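Each residue of the sequence shown is one higher than the last, beginning at 0 in numbering that gives the first Met the number 0.
Glycine included, C-beta positions come from ideal geometry on N, C-alpha and C.
Since the structure is predicted, the reported quantities are computational estimates derived from the model, not experimental observations.
Data block below; observations after.
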Amino acid sequence: MIDSAEEVWLVASGAGKARAVELALAGPGPVQLPAGGVRGTQDTVWLLDQAAAAGVPARFRSPLR
Numbered sequence: 000m001i002d003s004a005e006e007v008w009l010v011a012s013g014a015g016k017a018r019a020v021e022l023a024l025a026g027p028g029p030v031q032l033p034a035g036g037v038r039g040t041q042d043t044v045w046l047l048d049q050a051a052a053a054g055v056p057a058r059f060r061s062p063l064r
């Protein structure tokens with residue numbers, strides 16, 4: 000159902016979410032981590048605070064639009 004949405008927005012905050020965010024973006028697939036397989040048909044947006052974004056590789060980072 001979510002994968003049929005044009006846009007999917009995911010939100011995470013706090014250092015306790017940093018590893019999960021990192022894995023969802025660059026690690027295992029949706030079987031190991033459901034958020035890793037979530038994609039919108041047009042756009043996928045992650046809204047993270049600085050602590051949750053700590054492990055996100057630079058290639059996945061962009062400023063707010």
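Taking residue i as the reference, give the member of the options with the closest Cα.
i, options, result
"Ala17", "Val55, Phe59 and Thr43", "Val55"
"Trp8", "Gly36, Leu46 and Ser61", "Leu46"
"Asp48", "Ser61, Leu32, Gly36 and Val37", "Ser61"
"Ala53", "Ile1, Glu6 and Ser12", "Ser12"
"Val10", "Met0, Asp2 and Ala34", "Ala34"
"Asp42", "Met0, Glu6 and Ile1", "Glu6"
So, helix, strand or coil for residue i, using DSSP?
i, result
"Val20", "helix"
"Asp2", "helix"
"Ala52", "coil"
Compare the beta carbon distance of residue i and residue j with 7 Å and say whether it is the shorter of the two.
i, j, result
"Ala50", "Ala19", "no"
"Leu32", "Leu22", "yes"
"Gly39", "Ala4", "yes"
Have a look at the DSSP bridge pairing and note the partners of residue i.
i, result
"Ala11", "Leu47"
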